[in-house]
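Asker: These protein sequence lines map, in sequence, to chains A and B.
With the working numbering applied, the first sequence corresponds to residues 1081 to 1415, in that order.
With the working numbering applied, the second sequence corresponds to residues 1081 to 1415, in that order.
One structure is given below, represented as structure tokens, and several questions about it will come after.
Number of protein chains: 2
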Amino acid sequence: MKKKKKVSIQDIADKLGVSKGTVSLVLSGKAEGSRISDEMSKKVKETAEEMNYQPNEIARSLSTGKTMTIGVIVTDISNEFFGNLTFHIQEQAKKYGYTVITTNTNESLDEFSNAVTTLLNKQVDGIIFVPVDNGRQIAEKITRRHIPLVQVDRFYPNLEANYVIVDNYNVSAKATEHLIKKGLKKIAVVCYDFDVNALTERRRGCTDTLSKYKLLDSNLIKNINYQDQEEEIKLAIHDLKNYPEKIDAVFFCSRKVFITGVRYMYKNAIKIPEDMEVVCFDKIDSFAIANIPIIYIEQPIKKMGEKAVDVLMEQIKGSDTIKQCVFDTELMYMN
Amino acid sequence: MKKKKKVSIQDIADKLGVSKGTVSLVLSGKAEGSRISDEMSKKVKETAEEMNYQPNEIARSLSTGKTMTIGVIVTDISNEFFGNLTFHIQEQAKKYGYTVITTNTNESLDEFSNAVTTLLNKQVDGIIFVPVDNGRQIAEKITRRHIPLVQVDRFYPNLEANYVIVDNYNVSAKATEHLIKKGLKKIAVVCYDFDVNALTERRRGCTDTLSKYKLLDSNLIKNINYQDQEEEIKLAIHDLKNYPEKIDAVFFCSRKVFITGVRYMYKNAIKIPEDMEVVCFDKIDSFAIANIPIIYIEQPIKKMGEKAVDVLMEQIKGSDTIKQCVFDTELMYMN
DNA sequence: ATGAAAGCGCTAACAT
DNA sequence: ATGTTAGCGCTTTCAT
């Protein structure tokens, strides 16, 4: 299976008896206002077509120093939240003529580090990433190289870089207050234990509010390890079920804990909402098929993805003003 | 914000007073058995470290003709099925040292065509794609260039290329038979209307079985346009609700139609399973929170993704035997 | 054991 | 209006 030599700009030039430069100019659309006669331009285009010429973007990139590619690093693209985010990033990037390389960290620092190195070596024009616990130093590899960077969903507080997030604290406080106003008193919080501000802010929004109403019970704040989440969530729910006092509601800090949590609630014969109410940070497509009342927080994922790309593109075009965007979320009630 | 010049292999060579070639050899790990003294090798590595050298993979790619990148084209990465598939493709590619560029077609031929062109121009070493209705000609652009290709989820019957799919026909027939054996008679099928074999096979598996038992009612075969699916599914469910005879079950051909379908079933006060039973082609994470009996077909997504990459890598390494893999699925019962 | 240099395909500055 | 040529940063063959 021998690959036949691809046709290059040189081949076209040879065939037409003109120079590479001329061909390059017309094929990259720079023939217009400038130089190059219309007939030459036409001839070049025709034979390019004829010979089935396809530009080699790698060569172009090496020459121009631009790859027209951005890198996206998320936790896990199979998670609907990140899948959605990535989708909108991709669609928006497409509008700018950009291509996207995506990678997953699985919340691992090592994988995050590898991803950053790979993307930098591939000379991407910019990076959008979801920070990982403890990864600030690694992020600095990007800024130090002056590669445009936008953080999404979370951000490193001491890093001078753009970010696009939601107002985690306030909406969590609001949701908690809503539960309290409904007369619920024993409120649990189930959240991953790693230290990224999206999560800590959500937790703090809940606990601050509970404190304010003198309802905080630290036994009900469940911290879940990401790697063993299945087991730990199972345990947490079991605990809540068997807690001396009756638990009234559970606040789940993200979609994956919510799904797993609710699954175990059913396994423990906990009825929603009769036994406990639930709130989920993030909207899930299939809430509709659950057919139970769910309080959820809807993030403007599409806007976030698009904004992240817009900000990145500004930087790529040379802007150096840092943008930190906080989107509002909505507290919603299903049923 | 002036980017300071990146350090290149030349800079290291200059600093050490040796030649580029030497530096290249040690830095790309080809110093071992061959030439290059250990001390030279050590010195080079040290100063590379010191000067914070990062290889430029673009330059390397231009030189070697390999980009260590594969392209993945799916329908929509925000769809959990494709998100999962892409995730496993990515994780497997990582093991081979490969990076992944992902793009979405949204079932559009144009977007598919653009994606293929972009990937080819970016000189990817191989492509994994989910075919789009009517896209065989476009796919041939890839094979004609002898770029390794693996189709997943679906395939073009007349294209000589690898694929990794599931046994759509048989499992659909089996699921339908299961319903019939339970005594259900009026069985509806809700499926997208475009012509890709994954879907047509599922539909045919159902209709053939219904025919076999003399139960086929063509009014109950609902074909849904992808772009207007929300509206069309709504209409379909409405039709089923108001059909002169009572409908016993609905077979949904993929996860997105299922979720939307069930949503409208609830809106139409159709009870599951009392009024109608449902079957979903594909497993959904949040079935668990639905807490209703669902018959579903579970595809081995992880295996499919990994296999797709494995096959692609074989081709990249030079194999030219075409592999066509059909995975078995499982018929499962929730509750 | 190392150096020198050609070449990958394209762009862009400079000639003509 | 078009041709020439020097890179872009790396690999690799051929000298030394």
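All residues carry an ideal CB built from backbone N, CA and C; glycine is no exception.
Taking the straight line between their C-alpha atoms, what separation do you get for V1196 (chain A) and H1168 (chain B)?
Answerer: Straight-line Cα distance between these residues: approximately 20 Å.
Asker: Is the stretch 1179–1196 of chain A touching the stretch 1359–1370 of chain A in the sense that three or more CB pairs, one from each, lie closer than 8 Å?
Answerer: Contact fails: fewer than three Cβ-Cβ distances are below 8 Å.
Asker: Please check the pair L1105 (chain A) and P1135 (chain A), which I expect to be a contact at CB under 8 Å, by giving their CB distance rounded to whole angstroms.
Answerer: Actually they are not in contact, since the Cβ atoms of L1105 (chain A) and P1135 (chain A) sit about 13 Å apart, beyond 8 Å.
Asker: Roughly how many angstroms lie between the CA atoms of L1200 (chain A) and E1137 (chain A), to the nearest whole one?
Answerer: Taking the straight line from one Cα to the other gives about 17 Å.
Asker: Whose Cβ in chain B lies nearer than 9 Å to the Cβ of P1135 (chain A)?
Answerer: By Cβ distance, chain B contributes N1201.
Asker: When you compare only the Cα positions, how much space is there between L1229 (chain B) and K1336 (chain B)?
Answerer: When rounded, the distance between both Cα atoms is 27 Å.
Asker: In the DSSP assignment, what are the bridge partners of Y1078 (chain A)?
Answerer: Since the displayed chain A opens at 1081 and closes at 1415, residue 1078 (chain A) lies outside it and no answer follows.
Asker: So M1417 (chain B) packs on Y1176 (chain B), CB below 8 Å; how close in whole Å?
Answerer: Residue coverage of chain B in this structure runs from 1081 to 1415, which leaves residue 1417 (chain B) outside it and unanswerable.
Asker: Using DSSP with H/G/I as helix, E/B as strand and the rest coil, what is K1083 (chain A)?
Answerer: Below a pLDDT of 50, predicted positions are generally treated as unreliable, and K1083 (chain A), at 44, falls in that range; no measurement from the model is reported.
Asker: Compare the C-alpha of T1149 (chain A) against each of B:I1317, B:T1198, B:I1208 and name the closest.
Answerer: Nearest C-alpha to T1149 (chain A): B:T1198.
Asker: Taking 6 Å as the limit between beta carbons, can you name the residues of its chain near M1081 (chain A), skipping five residues before and five after?
Answerer: Summary for M1081 (chain A): the model assigns pLDDT 34, below 50, so the residue's position carries little reliability; its value from the coordinates is reported in the next sentence. No residues qualify anywhere along the chain.
Asker: Applying the criterion that 16 or more other CB atoms from any shown protein chain within 10 Å of the CB defines a buried residue, is M1345 (chain B) buried or exposed?
Answerer: Buried, by the Cβ-count rule.
Asker: Can you tell me whether S1291 (chain A) is buried or exposed, with buried defined as 16 or more other CB within 10 angstroms of its CB?
Answerer: Classification for S1291 (chain A): exposed.
Asker: Apply the 10 Å Cβ neighbour rule to K1085 (chain B) and answer buried if 16 or more other Cβ atoms are within range, or exposed otherwise.
Answerer: K1085 (chain B) is exposed by the Cβ-count criterion.
Asker: Write down every uninterrupted run of the beta strand (DSSP E) in the stretch 1114–1185 of chain B whose length is 3 residues or greater and which is fully enclosed by it, in chain order.
Answerer: Within the stretch 1114–1185 of chain B, the complete beta strand (DSSP E) runs of at least 3 residues are 1149–1154, 1179–1184.
Asker: Beta-carbon of H1168 (chain A) versus every beta-carbon of chain B: anything under 9 Å?
Answerer: H1168 (chain A) counts as touching chain B.
Asker: Using CA atoms only, rank isn't needed, just tell me which of A:I1352, A:T1127, A:Y1236, A:A1139 is closest to N1277 (chain A).
Answerer: Minimum Cα distance to N1277 (chain A) is reached at A:Y1236.
Asker: Taking only beta carbons into account, state which residues of the stretch 1172–1201 of chain B come closer than 7 Å to chain A, listed in chain order.
Answerer: Result list: T1179, V1180, I1181, T1182, T1183, N1184, T1198, L1200, N1201.
Asker: So if DSSP puts M1414 (chain A) in a beta bridge, which residue, or which two residues, is it bridged to?
Answerer: In the DSSP output, where bridge partners are listed per residue, M1414 (chain A) has A:I1374.
Asker: If you draw a straight line from the C-alpha of E1050 (chain A) to the C-alpha of D1365 (chain A), how long is it?
Answerer: Examination of residue 1050 (chain A) is not possible in this model, given that chain A is present from 1081 through 1415 alone.
Asker: With distances taken Cα to Cα, identify the nearest neighbour of D1408 (chain B) among B:V1389, B:N1348, B:V1251.
Answerer: D1408 (chain B) has its Cα closest to that of B:V1251, out of B:V1389, B:N1348, B:V1251.
Asker: Please report how far the alpha carbon of C1360 (chain B) lies from the alpha carbon of C1271 (chain B), in whole angstroms.
Answerer: Their Cα atoms are separated by approximately 11 Å.
Asker: Using a Cβ-Cβ cut-off of less than 7 Å, list which residues of the stretch 1330–1362 of chain A approach chain B; keep chain order.
Answerer: Cβ contacts with chain B: I1339, V1342, R1343, Y1346.
Asker: With a Cβ-Cβ cutoff of 9 Å, do A1255 (chain B) and F1331 (chain B) count as a contact?
Answerer: Cβ distance < 9 Å, so A1255 (chain B) and F1331 (chain B) count as in contact.
Asker: Interface residues of chain A around I1157 (chain B) at Cβ under 9 Å?
Answerer: I1157, G1163, N1164, T1166, F1167, Q1170, T1182, listed in chain order.
Asker: Excluding the 5 residues flanking K1146 (chain B) on each side, which residues of the same chain have their C-beta closer than 7 Å to its C-beta?
Answerer: Closer than 7 Å at Cβ, skipping near neighbours: D1205.
Asker: In chain order, what residues of the same chain lie with their CB nearer than 6 Å to the CB of K1083 (chain B), ignoring the 5 residues before and after it?
Answerer: Confidence in K1083 (chain B) is poor, its pLDDT being 44 and thus under 50, which makes the residue's placement unreliable; the coordinate value appears in the next sentence. Counting only Cβ-Cβ distances below 6 Å, and skipping sequence neighbours, we find nothing.
Asker: For N1348 (chain B), which residues from the same chain have a beta carbon less than 8 Å from its beta carbon, with the 5 sequence-adjacent residues on both sides left out?
Answerer: Closer than 8 Å at Cβ, skipping near neighbours: I1317, H1318, K1321.
Asker: Distance cutoff 9 Å, beta carbons only. Does S1366 (chain A) sit that close to anything in chain B?
Answerer: Judged by the 9 Å Cβ criterion, S1366 (chain A) is in contact with chain B.
Asker: Give the C-beta separation of V1180 (chain B) and T1166 (chain A) to the nearest angstrom, bearing in mind that I take them to be a contact with Cβ-Cβ under 8 Å.
Answerer: 12 Å between Cβ atoms; not a contact.
Asker: Would you mind giving the Cβ-Cβ distance between G1341 (chain A) and E1160 (chain B), rounded to the nearest angstrom? I have them listed as a contact below 8 Å.
Answerer: Rounded, the Cβ-Cβ distance is 18 Å, inconsistent with contact.
Asker: From the DSSP output, in three-state form, read off A1093 (chain A) for me.
Answerer: Correct three-state label for A1093 (chain A): helix.
Asker: If you draw a straight line from the alpha carbon of L1296 (chain A) to that of L1411 (chain A), how long is it in whole angstroms?
Answerer: Cα to Cα, L1296 (chain A) sits roughly 22 Å from L1411 (chain A).
Asker: For a contact defined as C-beta to C-beta under 9 Å, what are the partners of T1147 (chain B) on chain A?
Answerer: Neighbours of T1147 (chain B) on chain A, chain order: I1138, K1202.
Asker: Is there a C-beta anywhere in chain B that falls below 9 Å from the one on K1086 (chain A)?
Answerer: Yes, its Cβ sits closer than 9 Å to a Cβ of chain B.
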